[in-house]
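Note that numbering that gives the first Met the number 0 gives residue 91 to position 92 of the sequence shown, counting from 1, and the numbers run on in steps of one.
Note that beta-carbon positions come from the ideal geometry of N, C-alpha and C, so glycine has one too.
Worksheet: the structure to be examined is printed underneath.
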Amino acid sequence: MEDVTLLGAGKLGSALLRGWQRAGRLPGRAVTKSEASAGMVRECFRIPAGTSLDEALVGTRTVIVAVKPHQWPEVAGALEAWGDGGGTLVSVMAGVDRDALRRRISARVDIVRAMPNVLCSFNEGVTAVADGASAHVRALFAPLGTVFDVPEGSLDAFTALTASAPALVLRLIEGFTDAALTLGLPADSALAVAAQVFRSTGAWLAQSAEHPAVLRKRITTPGGCTIAGLMELERARSAVGFADALLATARRASELGPAKNVLPKS
Ligand SMILES: NC(=O)c1ccc[n+]([C@@H]2O[C@H](COP(=O)([O-])OP(=O)(O)OC[C@H]3O[C@@H](n4cnc5c(N)ncnc54)[C@H](OP(=O)(O)O)[C@@H]3O)[C@@H](O)[C@H]2O)c1
């Protein structure tokens, strides 16, 4: 992907680079704020990396913006002069909508919003791409996992489902592991078994055409132990708690744009 420049190589940018590296499809270059991060990119991914966006933009046809939402105005200045001959800007920033991007970017540049997650780092990622995205943009994310076309207006909701949900799932796995430890299972096998059960259950759901409730009922025997656990879950309203957590994430995603000025800067 010689004419692609990745802008930002932090938590998400590095995850994308790892996935592209495994797929043999690294971008042509990366730009970061600090020389330390640029050095990390050169060393780990063996692609040119530096701190000058102006230099990197020469010969670039596609820019993937992976800086924090509040950092967008800072990089937009350098991008304003780019793209008079056409190009594509892909933003993976949460909460920065197309209008905010368009205000700073040449009308000749296609703008696409996408929301990948860190699971892209081992090519099991989930990326929501605003529908209408070109085959070129889909091809950027396809080697990193599964790509879903979603309506542009629902990207904040998909930020919750793709970007943040893995943290909630990890919290759930921690809860399962804590219970297994309480029951006296060894720590390493408790974690390994809990993680594998999540993985296999996801695979079961993905390969069946059924709703989760149908699969759940299939393994719930009347008077058995599973129904005892499910009843406890209902009493604790935990399923509602997880749904509320995702709703809070989506609300927060909609607040993150630079103009809204509510993002912690650290
Ligand atoms: N983390 C996730 O799971 C996730 C998932 C989906 C979407 N996102 C979105 O991805 C974006 C990045 O998130 P993150 O968690 O990766 O943030 P991060 O770890 O803070 O990384 C930000 C990156 O942007 C670089 N940067 C900042 N200002 C710059 C400038 N003026 N010029 C060049 N590079 C600059 C930083 O360079 P230095 O390294 O030198 O500081 C860093 O590499 C956010 O907009 C977020 O909404 C994140």
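Residue from the options with nearest C-alpha to residue i
{"i": "L118", "options": "V111, I110, A127, R112", "result": "A127"}
{"i": "A156", "options": "I226, A129, I218, E173", "result": "A129"}
{"i": "T4", "options": "R103, T61, S133", "result": "T61"}
{"i": "E173", "options": "R250, R234, A193", "result": "A193"}
{"i": "M39", "options": "A8, L15, T59", "result": "A8"}
{"i": "L16", "options": "L100, F121, A80, I110", "result": "F121"}
{"i": "I82", "options": "G58, R215, L245", "result": "Position check: residue 82 holds Gly in this sequence, whereas Ile was assumed. Looking at the Cα atoms, G58 is the closest of the given residues."}
{"i": "F197", "options": "G144, R170, E34", "result": "R170"}
{"i": "E73", "options": "A235, E233, R103", "result": "R103"}
{"i": "T274", "options": "T248, L229, R107, S188", "result": "Outside the displayed span of the chain (0 to 265) sits residue 274, for which this structure offers no information."}
{"i": "D2", "options": "G86, S36, L11", "result": "G86"}
{"i": "V142", "options": "K10, A14, L6", "result": "First, the residue type needs correcting, since residue 142 is Pro and not Val in the sequence shown. Ranking the options by Cα distance to P142, first place goes to A14."}
{"i": "L167", "options": "G222, G84, S237", "result": "S237"}
{"i": "G144", "options": "G18, L6, T220", "result": "G18"}
{"i": "F175", "options": "L232, E209, G124, G223", "result": "L232"}
{"i": "L25", "options": "S33, G12, K32", "result": "G12"}
{"i": "K32", "options": "A77, E209, Q20, T200", "result": "A77"}
{"i": "A22", "options": "G124, L255, L56", "result": "G124"}
{"i": "V89", "options": "E209, V146, L6", "result": "L6"}
{"i": "G27", "options": "Q20, K10, M0", "result": "M0"}
Closer than 8 Å: residue i CB and nearest ligand 1 heavy atom
{"i": "S253", "result": "no"}
{"i": "A37", "result": "yes"}
{"i": "A242", "result": "no"}
{"i": "E173", "result": "no"}
{"i": "G12", "result": "yes"}
{"i": "N116", "result": "yes"}
{"i": "S153", "result": "no"}
{"i": "A205", "result": "no"}
{"i": "E79", "result": "no"}
{"i": "A30", "result": "The sequence as given places Val at residue 30; Ala does not occur at that position. It does: the Cβ of V30 is within 8 Å (strictly closer) of some heavy atom of ligand 1."}
{"i": "P26", "result": "no"}
{"i": "P47", "result": "no"}
{"i": "L52", "result": "yes"}
{"i": "T219", "result": "no"}
Bridge partner(s) assigned by DSSP for residue i
{"i": "S90", "result": "V64, R112"}
{"i": "L5", "result": "A29, I63"}
{"i": "D148", "result": "V128"}
{"i": "G281", "result": "Outside the modelled stretch of the chain, which goes from 0 to 265, sits residue 281, for which no answer is possible."}
{"i": "A48", "result": "A29"}
Cβ separation of residue i and residue j, assumed to be a contact under 8 Å, to the nearest whole Å
{"i": "P115", "j": "F140", "result": "6 Å"}
{"i": "V91", "j": "A65", "result": "5 Å"}
{"i": "V95", "j": "V111", "result": "No, V95 and V111 are not in contact; Cβ-Cβ is about 13 Å, not under 8 Å."}
{"i": "L204", "j": "L214", "result": "7 Å"}
{"i": "A37", "j": "A48", "result": "4 Å"}
{"i": "D113", "j": "A252", "result": "The question names Asp, but residue 113 is Ala in the sequence shown. Between A252 and A113 the Cβ distance is about 14 Å, and since that is not below 8 Å, they are no contact."}
{"i": "A189", "j": "A179", "result": "4 Å"}
Check: So does the region 39-51 actually touch the region 65-76, counting three or more Cβ pairs closer than 8 Å?
Finding: Touching, no, given that fewer than three Cβ pairs across the two stretches are closer than 8 Å.
Notebook entry, point to check: Is there contact between the region 149-162 and the region 183-193, where contact requires at least three CB pairs shorter than 8 Å?
Noted result: A contact is defined here as three or more CB-CB pairs under 8 Å, and the region 149-162 fails this definition with respect to the region 183-193.
Checklist line | Stretch pair the region 48-59 + the region 130-139: three plus CB contacts closer than 8 Å | finding: no
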